[in-house]
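See below for the structure under consideration.
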Amino acid sequence: MAPIVPPEQPWDEKTEKKFEGKAYSEYFDPCQDLATRSLKCLHRNGGQREMCSDYFQAYRDCKKQWLADRKEAKRKNAKPWFGSNDKPEEPSK
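What follows is the structure, given as structure tokens:
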């Protein structure tokens, strides 16, 4: 059996556009392909989880990378809570 290789970057420009363009209530998972492969493996092997551990690990790795990339993207686009200046404003006279 060939090794399961997760996508290099689940959160790339194409994925970001898909995520931003989806409806608010719509679920989006860039690792869905790996999740589907995991389920197919379970069906193929009669539900024996140990036979599909590589598929499960590939999905977990992809999901972990996606969440880390998404968190970083949010952090980069975050707006400051109390204005854009680091210095306090001078009181007006």
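Read in order, the letters of the sequence shown are residues 1 to 93 in this note's numbering.
Ideal placement from N, C-alpha and C gives every residue a C-beta, glycine not left out.
This structure is a prediction, so every number in the text was calculated from the model and none was measured.
Assignment of Gln57 by DSSP, reduced to helix, strand and coil, places it in the helix class. Inter-segment contact for the region 43-59 and the region 67-85 is absent: fewer than three beta-carbon pairs are separated by less than 8 Å.
Counting only residues of its own chain and dropping the five nearest sequence neighbours on each side, Thr36 has no CB closer than 6 Å to any other CB. In this structure, the straight-line span from the alpha carbon of Leu42 to that of Lys64 is close to 22 Å. Between the alpha carbons of Asp33 and Ala58 lies a distance of about 11 Å. Secondary structure of Cys31 (DSSP, three-state): coil.
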